[in-house]
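Step one of this worksheet: look at the structure below.
In this note's numbering, the protein residues as written are 1 to 679.
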């Protein structure tokens, strides 16, 4: 799949024409065009098809350029607007001093201005006979024929100015959508044996060590190997406060080091890092239409022929009964201009594009416009426990001993844990306290635990339920299990020495996130496969009510519950693990925490860079849907208003042009508000 920029494409109707033309080119297997991103995605059968595609678009008045080779300069037909405006001004001055020449000046201004529009209308007539260029050309020539030279020239000039403004607004929207890629620095400080060398960003390779001084941005995704710093990641997570980073922590390319200094080992090339992945997800989202877009597209395809039929009736039939042929033709020409559906067609994708772009900068990665739209309508939020509401990292919180000291028990346990990769063994190794005793002959017994020889004796960390326990130890196991702890039993030569109690730490933001979901009118539910005692302990800690907790669920149980909630008002499922993938796929909207597994991220409709981004996703979805409604109301309202006033004879050709271009600029500007909104 090759990616190209399409220059000159400044409306959704243009995107349809471009896509139809590209799909007709021999050698193009498939073409998809996104108006919001201004890109064409081509699957080519032969390399020569690229040249054929470029020629096909050139004939329509567009330019196809490989991504990265875009031509700079002002967008839109600004040169033609300047020439047409100059001739219009000259004609106006002639009307003051040389009245006889004024009509010829207006005719020249109109013909010069309409020339590029007529050329594009003819080139694209087979793909779209009702394009705005065709309608403006017909209206201009019709006005010249009935002697309205001044209005014909003014109509063309206003339309060209409108196209320049539209192109500029669209370019700004696209630039804002992909502004994340500008966060990467242009150069990096790479470490080598002789010291530090300053190199271009493209020169970095995986495995390079780079120094990031205070006030500089991290050049590529990587892991910290030296130093301590406060790093601001607002562009990725939406969190304004910087986070402390130290050895072993991961950092994103483009994040800002505010205080301190880091040495980072590059793990992904800058052009293939997380920023590039976010941009790719945004582009894929814009190719998938929402339900609102499909409805508006279907309406617009019927709207234009209907208004043109009305124009034909007003200009050709009504004069037969009411006379005043020129007056009715004038009204019909105004209706022809109002027949253009551009503002209506753009109203939805412009808002969706801005919403997707704003989400990318708030830690919310929407994979489609449909997901952004659906999220606003859900009623329930189902949340997985481990890795979603918790860190997914158990911590040793209590040691209950039987005949030995806590220090001795922990030293023995650490000796055994050194040979195990189990999450509980890692928690033992990371626990504060005495150092591990020397150990050897490490082995693991599936379903039982880990063993090693420590000080000449066999010591093990085993599952309590798989061991024959004395009554007093069994009572402690039962008591700790009821408190919601995960347990490991330390044994030496088969004799229990201690119970180690672990707890998965809740995310610091979990309580506030749940409170914010309730403020948004949503009902949160915890879905977990853990025992009820463990689930209740966590739920109480983060502010969930007992009736909001569903414990002991298998993946199949989760799927059934999600299906039930989907039929009761819609459900958003938030998870991070492989066992969450079926429920994520079945939910009204599936959201995966980006720290989770690849399977969960692929099954989800939305990626969250942190749990804190979850309320922002709902607020942004509702805000975007509100802007969509405003845009549709603006486009339909202005069209309807000027259609009535034109029929009643209160407005003419130039106001009809303002109604179209003005509506398009208004819906684009209204959509751009989303990029600056607080979510």
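Cβ coordinates follow ideal geometry from the N, Cα and C atoms, glycine included.
Where the alpha helix (DSSP H) containing residue i begins and where it ends
i	result
residue 476	471 to 482
residue 184	Neither: residue 184 is in no alpha helix (DSSP H) and is coded neither H nor E.
residue 680	No statement about residue 680 is possible, as the shown extent of the chain runs from 1 to 679 and does not include it.
residue 58	49 to 60
residue 328	325 to 338
residue 542	532 to 542
residue 645	613 to 647
residue 414	406 to 417
residue 555	555 to 566
residue 660	653 to 672
residue 427	423 to 430
Bridge partner(s) assigned by DSSP for residue i
i	result
residue 461	450, 490
residue 390	506
residue 607	365, 592
residue 575	592
residue 383	526, 574
residue 708	Examination of residue 708 is not possible in this model, given that the chain is present from 1 through 679 alone.
residue 223	250, 265
residue 31	42
residue 230	244, 259
residue 401	498
residue 396	502
Backbone CA spacing between residue i and residue j [nearest angstrom]
i	j	result
residue 600	residue 620	For residue 600, the predicted structure reports a pLDDT of 49, less than 50, and the residue's modelled location is therefore unreliable. A value from the coordinates is still provided. Whole-angstrom Cα-Cα distance: 22 Å.
residue 53	residue 64	8 Å
residue 597	residue 42	Only weak support is given to the placement of residue 597: the predicted model assigns it a pLDDT of 44, under 50, and the value that follows is read from those uncertain coordinates. One C-alpha to the other measures close to 31 Å.
residue 561	residue 552	13 Å
residue 209	residue 196	10 Å
residue 366	residue 606	5 Å
residue 92	residue 22	43 Å
residue 245	residue 220	15 Å
residue 227	residue 559	45 Å
residue 454	residue 224	34 Å
residue 544	residue 514	8 Å
residue 643	residue 335	7 Å
residue 250	residue 626	37 Å
residue 618	residue 229	32 Å
residue 200	residue 191	13 Å
residue 90	residue 44	50 Å
residue 587	residue 30	31 Å
residue 677	residue 623	9 Å
residue 494	residue 261	50 Å
residue 547	residue 383	14 Å
Of the residues the options, the one placed nearest residue i, counting alpha carbons only
i	options	result
residue 523	2, 549, 302	549
residue 419	443, 154, 520	443
residue 512	369, 245, 614, 134	614
residue 612	670, 508, 335	508
residue 266	321, 204, 319	204
residue 610	642, 575, 633	575
residue 654	161, 93, 310	161
residue 299	7, 635, 660, 373	635
residue 133	77, 262, 224, 82	77
residue 651	478, 452, 520, 330	330
residue 88	102, 97, 547, 440	102
residue 277	363, 242, 397	363
residue 585	394, 105, 272, 371	371
residue 445	467, 432, 438	467
residue 33	520, 62, 94, 398	62
residue 555	582, 546, 540	582
residue 485	139, 143, 530, 647	530
Delimiting residues of the beta strand (DSSP E) encompassing residue i
i	result
residue 40	39 to 44
residue 3	2 to 7
residue 268	Looking at the DSSP string, residue 268 is not in any beta strand (DSSP E), and its letter there is neither H nor E.
residue 442	439 to 445
residue 99	No beta strand (DSSP E) holds residue 99; DSSP gives it neither H nor E.
residue 681	Absent from the model: residue 681. The displayed extent of the chain is 1 to 679, so no value can be given.
Any chain C beta carbon closer than 8 Å to residue i
i	result
residue 408	Checking the listed chains, one finds no chain C in this structure; it contains a single protein chain.
Inset, instruction - Examine the Cβ distances between the stretch 412 to 427 and the stretch 494 to 505 and report whether three or more of them are shorter than 8 Å. - result: By the criterion of at least three beta-carbon pairs nearer than 8 Å, the stretch 412 to 427 is in contact with the stretch 494 to 505.
Inset, instruction - Give a yes or no on contact between the stretch 183 to 196 and the stretch 204 to 218, applying the rule of three or more CB pairs nearer than 8 Å. - result: yes
Legend entry - Cβ contact (3+ pairs, closer than 8 Å) linking the stretch 341 to 354 and the stretch 530 to 542: Segments in contact, no.
Inset, instruction - Mind the definition here: the stretch 374 to 383 touches the stretch 558 to 577 only if three or more C-beta pairs lie below 8 Å; say whether that holds. - result: With the cut-off at 8 Å, the stretch 374 to 383 and the stretch 558 to 577 touch.
Legend entry - Contact the stretch 333 to 340 vs the stretch 303 to 314: 3+ CB pairs below 8 Å: Yes, since at least three Cβ pairs between the stretch 333 to 340 and the stretch 303 to 314 fall closer than 8 Å, the two stretches touch.
Inset, instruction - Indicate whether the contact test is met: 3 or more Cβ pairs, each with one atom in the stretch 251 to 261 and one in the stretch 197 to 216, closer than 8 Å. - result: Counting C-beta pairs with one atom in each stretch, the stretch 251 to 261 and the stretch 197 to 216 have three or more that are closer than 8 Å, which means they touch.
Legend entry - Contact between the stretch 384 to 397 and the stretch 460 to 468 (3+ Cβ pairs under 8 Å): no
Inset, instruction - Would you check if there are 3 or more beta carbon pairs closer than 8 Å linking the stretch 141 to 157 to the stretch 109 to 127? - result: yes
Legend entry - Any 3 or more C-beta pairs closer than 8 Å across the stretch 479 to 497 and the stretch 392 to 409: yes
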